[in-house]
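S.K.: Keeping their order, the protein sequence lines are chains A and B. Okay, so the first sequence: first residue is 26 according to this note's numbering, each after it adds one. Okay, so the second sequence: first residue is 2 according to this note's numbering, each after it adds one. Quick reminder that beta carbons are idealized off the backbone N, C-alpha and C, glycines included. Predicted model, so just to flag it, every value in this text is computed and none were measured. Just passing along the structure, written as structure tokens.
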Amino acid sequence: MEITELTVHELQDKLKKKEITLPEITKAYAKRIEEKEKDVQAFLTILAEDAEKQSTEIQQKVDKGEEIGSLAGIPIGIKDNICTKGIKTTCASKMLENFVSPYDATVMEKIKAEGMITLGKLNMDEFAMGASTEYSAFQKTRNPWNLNAVPGGSSGGSAAAVAADLVPWALGSDTGGSIRQPASFCGVVGLKPTYGLVSRYGLVAFASSLDQIGPITKDVEDCAMLLNVITGHDEKDTTSENREKVDYTKAIRNDVKGMRIGIPKEYFGEGIDKEVKEALEKAIQTYQELGATVEECSLDIANYALATYYIIACAEASSNLGRFDGIRYGYRTPNYNNLKELYRHSRSEGFGAEVKRRIILGTYVLSSGYYDAYYKKAQQVRTLVKKEFEEAFQKYDFLLTPTAPNVAFEIGTKSNNPLEMYLADICTVSVNIAGLPGISIPCGVNSKQMPIGMQLIGPKFSEETLLQAAYTFEQKIEFRKKYRPEFKK
Amino acid sequence: MKVSREELLHIAKLADLDLKEEEIDTYLNNLQDILNFANIVNEAPVQGLGETFGANDNCNVFRKDEVKVFEDNASLLSNAPESERNMFKIPKVIQ
Numbered sequence: 026m027e028i029t030e031l032t033v034h035e036l037q038d039k040l041k042k043k044e045i046t047l048p049e050i051t052k053a054y055a056k057r058i059e060e061k062e063k064d065v066q067a068f069l070t071i072l073a074e075d076a077e078k079q080s081t082e083i084q085q086k087v088d089k090g091e092e093i094g095s096l097a098g099i100p101i102g103i104k105d106n107i108c109t110k111g112i113k114t115t116c117a118s119k120m121l122e123n124f125v126s127p128y129d130a131t132v133m134e135k136i137k138a139e140g141m142i143t144l145g146k147l148n149m150d151e152f153a154m155g156a157s158t159e160y161s162a163f164q165k166t167r168n169p170w171n172l173n174a175v176p177g178g179s180s181g182g183s184a185a186a187v188a189a190d191l192v193p194w195a196l197g198s199d200t201g202g203s204i205r206q207p208a209s210f211c212g213v214v215g216l217k218p219t220y221g222l223v224s225r226y227g228l229v230a231f232a233s234s235l236d237q238i239g240p241i242t243k244d245v246e247d248c249a250m251l252l253n254v255i256t257g258h259d260e261k262d263t264t265s266e267n268r269e270k271v272d273y274t275k276a277i278r279n280d281v282k283g284m285r286i287g288i289p290k291e292y293f294g295e296g297i298d299k300e301v302k303e304a305l306e307k308a309i310q311t312y313q314e315l316g317a318t319v320e321e322c323s324l325d326i327a328n329y330a331l332a333t334y335y336i337i338a339c340a341e342a343s344s345n346l347g348r349f350d351g352i353r354y355g356y357r358t359p360n361y362n363n364l365k366e367l368y369r370h371s372r373s374e375g376f377g378a379e380v381k382r383r384i385i386l387g388t389y390v391l392s393s394g395y396y397d398a399y400y401k402k403a404q405q406v407r408t409l410v411k412k413e414f415e416e417a418f419q420k421y422d423f424l425l426t427p428t429a430p431n432v433a434f435e436i437g438t439k440s441n442n443p444l445e446m447y448l449a450d451i452c453t454v455s456v457n458i459a460g461l462p463g464i465s466i467p468c469g470v471n472s473k474q475m476p477i478g479m480q481l482i483g484p485k486f487s488e489e490t491l492l493q494a495a496y497t498f499e500q501k502i503e504f505r506k507k508y509r510p511e512f513k514k
Numbered sequence: 002m003k004v005s006r007e008e009l010l011h012i013a014k015l016a017d018l019d020l021k022e023e024e025i026d027t028y029l030n031n032l033q034d035i036l037n038f039a040n041i042v043n044e045a046p047v048q049g050l051g052e053t054f055g056a057n058d059n060c061n062v063f064r065k066d067e068v069k070v071f072e073d074n075a076s077l078l079s080n081a082p083e084s085e086r087n088m089f090k091i092p093k094v095i096q
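Laid out in structure tokens, this is it:
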């Protein structure tokens, strides 16, 4: 097996047994990137050379017998909306094409404290607004399973890079499904943590009450390991929760006996692809065979939640993106006669069409006359969504749904129809609205060998339950052993 | 609710965005489509429910108000499109 095919816990085993060295790992990734990146186009910045240098230094410490952490020297890919000191953070936008963050995001400080090495910055939809990574201002990332299909989005670069073995694991961000949906499209594991579990400091804000950073990994055990690294209270993010630190790897147990799973029937109705539905039904059966109790339930909020999501997310985005004015950082137009023109022209030329669309929608729903009809109503629906979930969790340990209504679609088929693109998020947004954790894991492939994702949703801070249930399922179906991306052209 | 061209231009102005003449119809149609869809929130059974503004219930999170000096001014200014004498440069605002 190639080094780049290994999960991080498998790499750790081999390092412990001295079967491989750290520079061998970074070299293997450099070679893999050289071979496959031209097909996948997942990276906006590649740091493979620098990574090799760093890994050699860490290896020297190991050889001298110095104590190093268990993740020291392990490479990682970072979504390009997470600030990395001294390295470009573009948000895949012309607006931030040359932006170099003067500081590290809190998650980056944590990653560096472990001695992990950044292998590169990964492509995304501009400012994380999109479900296909086609709205990147720089390049279209391709799905490693079929290069004519999208990788999903907005963390499409992160998911594609993990699936294509260009990085062992990656960080993404999820505002309405941006970790889980691309993970589903690319046949990898993606976790959106409970709101407040991971600090958002240094994550370029899209919708502050919904955004959360999370892991995208090859398997569930890696997911637990990376979650261990990034969680924790942070004074710099007042919405981060002050809780006792949990070791999520302890949840990696092969057992779902007695777990109660709710299957919200609304997530299996109209609009859900037949093959996706069939794969999910098989997954439900697997859980039953493994000893879990499964029951159909009702959660009639999907459509309200999607509308609410777009109102709230765009409203918050219109405010958050107000900071891009061409003064302190970011794109500045050459065409202006006064300050007002400088602002307007810089914003109009620096933002892409989808970003402008969302700023306009957000400004509209917040503007006088429409605030009550849209924004206020959406905030009430938010209460409703939370309440519906709370009621469901009185009966079930977690809910099981498809991650997306379809498998990865062909490039160019939805990018000109914003509303249709928004519908790609229908299964995932309610999780963000209620601030809950959700994990997507592969549960099979369709007749064209495209991966299908299953989503598990739990109450707040139930990551351990979700990881345990996901792990047990993963061990049973052995997706990674059976299916590999083929880079079909 | 039907959005007029004038309304769209007013909203764009509030958002500090210029729309090109040839873009206006597209943005107008997109906005209309999305709002038609978003209208469903008005059918949701929310009578008697309060508003939720955040995903968690934290409010008024306090910490000590301590000055922490950020030393690396150069890295801040290096991102500025234009700077002069350690300051951000903007066009003249007082005529």
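Determine the contact status of Ile241 (chain A) and Ser183 (chain A), defining contact as a CB-CB distance below 8 Å.
M.R.: For this step, residue 241 (chain A) is matched to residue 216 along the first sequence. For this step, residue 183 (chain A) is matched to residue 158 along the first sequence. Yes; because the gap between Cβ atoms is below 8 Å, this pair is in contact.
S.K.: For Gln527 (chain A), tell me which candidate among B:Glu22, B:Thr53, B:Gln48 and B:Leu32 has the shortest Cα-Cα distance.
M.R.: Chain A is shown from 26 up to 514; residue 527 (chain A) falls before or after that span and cannot be answered.
S.K.: Determine the burial state of Gly394 (chain A): buried for a count of at least 16 other Cβ atoms within 10 Å of its Cβ, exposed for fewer.
M.R.: Locating residue 394 (chain A) in the first sequence gives position 369, counting from the first residue. With fewer than 16 other Cβ atoms within 10 Å, it is exposed.
S.K.: Under the assumption that Gly287 (chain A) contacts Gly316 (chain A) (Cβ atoms under 8 Å), give the Cβ distance between them as a whole number of angstroms.
M.R.: Translated into the one-based positions of the first sequence, residue 287 (chain A) becomes position 262. Translated into the one-based positions of the first sequence, residue 316 (chain A) becomes position 291. Actually they do not touch by this definition, with Cβ atoms about 16 Å apart.
S.K.: Return no unless some Cβ of chain A is closer than 8 Å to the Cβ of Val94 (chain B).
M.R.: Along the second sequence, read from residue 1 onward, the residue named residue 94 (chain B) stands at position 93. Yes, because at least one Cβ of chain A sits closer than 8 Å to the Cβ of Val94 (chain B).
S.K.: Looking at the strands, I want to know which residues DSSP matches up with Cys452 (chain A).
M.R.: Position 427 of the first sequence, counted from the start, is the residue given in the question as residue 452 (chain A). Answer is none; Cys452 (chain A) lacks a bridge partner.
S.K.: What separation, rounded to the nearest whole angstrom, lies between the Cα atoms of Pro207 (chain A) and Ile83 (chain A)?
M.R.: Translated into the one-based positions of the first sequence, residue 207 (chain A) becomes position 182. Translated into the one-based positions of the first sequence, residue 83 (chain A) becomes position 58. Rounded to the nearest angstrom, the two C-alpha atoms are 33 Å apart.
S.K.: Of the choices A:Asp397, A:Asn106 and A:Lys261, whose alpha-carbon is the least far from that of Val229 (chain A)?
M.R.: Residue 229 (chain A) sits at position 204 when you count from the first residue of the first sequence. Comparing Cα-Cα distances from Val229 (chain A) to each of A:Asp397, A:Asn106 and A:Lys261, the minimum goes to A:Asn106.
S.K.: For Asn279 (chain A), which residues in the same chain have their Cβ closer than 6 Å to its Cβ, ignoring the five residues on either side in sequence?
M.R.: Within the first sequence, numbered from 1, the residue matching residue 279 (chain A) stands at position 254. These residues qualify, in order along the chain: Thr497 and Gln500.
S.K.: Report buried or exposed for Gly460 (chain A), applying the criterion of at least 16 other Cβ atoms within 10 angstroms of its Cβ.
M.R.: Along the first sequence, read from residue 1 onward, the residue named residue 460 (chain A) stands at position 435. Gly460 (chain A) comes out buried.
S.K.: Does Ser198 (chain A) come out as helix, strand or coil in the three-state DSSP assignment?
M.R.: Position 173 of the first sequence holds residue 198 (chain A). Correct three-state label for Ser198 (chain A): strand.
S.K.: Ignore the nearest five residues each way along the sequence and tell me which others in Thr81 (chain A)'s own chain have a CB closer than 6 Å to its CB.
M.R.: Here the question's residue 81 (chain A) lines up with position 56 in the first sequence. Answer for Thr81 (chain A): Pro48, listed in chain order.
S.K.: For Arg285 (chain A), list the residues DSSP reports as bridge partners.
M.R.: By one-based count along the first sequence, residue 285 (chain A) stands at place 260. Arg285 (chain A) is bridged to A:Thr318.
S.K.: Round the Cβ separation of Phe124 (chain A) and Thr115 (chain A) to the nearest angstrom and send it over; I've been treating them as touching at under 8 Å.
M.R.: Along the first sequence, read from residue 1 onward, the residue named residue 124 (chain A) stands at position 99. Along the first sequence, read from residue 1 onward, the residue named residue 115 (chain A) stands at position 90. Their Cβ separation, rounded to whole angstroms, is 6 Å, which keeps Phe124 (chain A) and Thr115 (chain A) in contact under 8 Å.
S.K.: Which residue comes first and which comes last in the beta strand (DSSP E) that contains Ile71 (chain A)?
M.R.: What you label residue 71 (chain A) is simply residue 46 of the first sequence in a count that begins at 1. Here the beta strand (DSSP E) through Ile71 (chain A) covers Phe68 to Ile71.
S.K.: Please list, in chain order, the residues of the stretch 10-25 of chain B that have any C-beta partner in chain A closer than 7 Å.
M.R.: So the list reads Ile12, Ala13, Leu15, Ala16, Asp17, Leu18 and Asp19, given in the order they occur along the chain.
S.K.: Since Glu52 (chain B) meets chain A, which of its residues come closer than 8 Å, beta carbon to beta carbon?
M.R.: Here residue 52 (chain B) refers to the residue found at position 51 of the second sequence. Going along chain A in sequence order, the residues near Glu52 (chain B) (Cβ under 8 Å) are Lys401, Gln404, Gln405, Arg407 and Thr408.
S.K.: Using CA atoms only, rank isn't needed, just tell me which of A:Lys56, A:Leu448 and A:Asp236 is closest to Glu74 (chain A).
M.R.: Position 49 of the first sequence, counting from 1, holds the residue named residue 74 (chain A). Comparing Cα-Cα distances from Glu74 (chain A) to each of A:Lys56, A:Leu448 and A:Asp236, the minimum goes to A:Lys56.
S.K.: Would you list the one or two residues that DSSP bridges to Ser465 (chain A)?
M.R.: Locating residue 465 (chain A) in the first sequence gives position 440, counting from the first residue. Beta-bridge pairing links Ser465 (chain A) to A:Gly215 and A:Gln480.
S.K.: Is the separation between the beta-carbon of Thr333 (chain A) and that of Ile458 (chain A) shorter than 8 Å?
M.R.: By 1-based counting over the first sequence, the position of residue 333 (chain A) is 308. By 1-based counting over the first sequence, the position of residue 458 (chain A) is 433. A contact, by the Cβ cut-off of 8 Å.
S.K.: I need the DSSP call for Ile107 (chain A), collapsed to helix, strand or coil.
M.R.: Within the first sequence, the letter at position 82 stands for residue 107 (chain A). Strand at Ile107 (chain A).
S.K.: Would Ala495 (chain A) and Ile464 (chain A) be called neighbours here (beta carbons separated by less than 8 Å)?
M.R.: Counting from 1 along the first sequence, the entry for residue 495 (chain A) is found at position 470. Counting from 1 along the first sequence, the entry for residue 464 (chain A) is found at position 439. Cβ distance < 8 Å, so Ala495 (chain A) and Ile464 (chain A) count as in contact.
S.K.: Does any C-beta atom of chain B lie closer than 8 Å to the C-beta of Asn328 (chain A)?
M.R.: Residue numbering aside, residue 328 (chain A) sits at position 303 when the first sequence is read from its first letter. Output row for Asn328 (chain A): interface = yes.
S.K.: Hey, out of A:Phe152, A:Val214 and A:Glu91, whose CA is closest to Leu491 (chain A)'s CA?
M.R.: If you number the first sequence from 1, residue 491 (chain A) lands on position 466. Selected option, being the one with the closest Cα: A:Val214.
S.K.: Return yes when the Cβ of Tyr329 (chain A) is within less than 8 Å of the Cβ of Val319 (chain A), no when it is not.
M.R.: Within the first sequence, the letter at position 294 stands for residue 319 (chain A). Within the first sequence, the letter at position 304 stands for residue 329 (chain A). No, the Cβ-Cβ distance between Val319 (chain A) and Tyr329 (chain A) is not below 8 Å.
S.K.: Starting from Asn87 (chain B), find everything on chain A with Cβ-Cβ shorter than 8 Å and list it in chain order.
M.R.: Position 86 of the second sequence, counting from 1, holds the residue named residue 87 (chain B). Under the 8 Å cutoff, chain A gives no residues; its nearest Cβ is about 13 Å from Asn87 (chain B).
S.K.: Under 8 Å, Cβ to Cβ, is there at least one residue of chain B near His258 (chain A)?
M.R.: Position 233 of the first sequence, counted from the first residue, corresponds to residue 258 (chain A). No, because no Cβ of chain B sits closer than 8 Å to the Cβ of His258 (chain A).
S.K.: Report buried or exposed for Phe434 (chain A), applying the criterion of at least 16 other Cβ atoms within 10 angstroms of its Cβ.
M.R.: Your numbering for residue 434 (chain A) matches position 409 in the first sequence. With 16 or more Cβ atoms within 10 Å of its Cβ, Phe434 (chain A) is classed as buried.
S.K.: Verify whether the separation of the beta carbon atoms of Pro467 (chain A) and Pro476 (chain A) is less than 8 Å.
M.R.: Against the first sequence, residue 467 (chain A) aligns to sequence position 442. Against the first sequence, residue 476 (chain A) aligns to sequence position 451. Result yes, Cβ atoms of Pro467 (chain A) and Pro476 (chain A) sit closer than 8 Å.
S.K.: Here's the rule: buried if 16 or more other CB atoms are within 10 angstroms of the residue's CB, otherwise exposed. What is Asn31 (chain B)?
M.R.: Taking the first residue of the second sequence as 1, we reach residue 31 (chain B) at position 30. That one is buried.
S.K.: Between the alpha carbons of Ile28 (chain A) and His34 (chain A), how many angstroms are there, rounded?
M.R.: Working through the first sequence from its first residue, we reach residue 28 (chain A) at position 3. Working through the first sequence from its first residue, we reach residue 34 (chain A) at position 9. Going from the Cα of Ile28 (chain A) to the Cα of His34 (chain A) covers about 12 Å.
S.K.: Does the beta-carbon of Val94 (chain B) have 16 or more other beta-carbons within 10 angstroms, so that it is buried, or is it exposed?
M.R.: Numbered from its first residue, the second sequence carries residue 94 (chain B) at position 93. Counting Cβ neighbours within 10 Å, Val94 (chain B) comes out exposed, since fewer than 16 surround it.
S.K.: Under a CB-based cut-off of 8 Å, is Val68 (chain B) close to chain A?
M.R.: Stepping through the second sequence from its first residue, residue 68 (chain B) is reached at position 67. It does not: the Cβ of Val68 (chain B) has no partner Cβ on chain A nearer than 8 Å.
S.K.: I need the boundaries of the alpha helix (DSSP H) containing Gln500 (chain A), first residue and last residue.
M.R.: Stepping through the first sequence from its first residue, residue 500 (chain A) is reached at position 475. Residues Glu488 to Ile502.
S.K.: Less than 8 Å separating the beta-carbons of Pro7 (chain A) and Leu424 (chain A)?
M.R.: Nothing about residue 7 (chain A) can be reported from this structure: the residues present for chain A run from 26 to 514 only.
S.K.: What residues of chain B sit near Ser455 (chain A), judged by a beta carbon separation below 8 Å?
M.R.: Counted from its first residue, the first sequence places residue 455 (chain A) at position 430. Under the 8 Å cutoff, chain B gives no residues; its nearest Cβ is about 12 Å from Ser455 (chain A).
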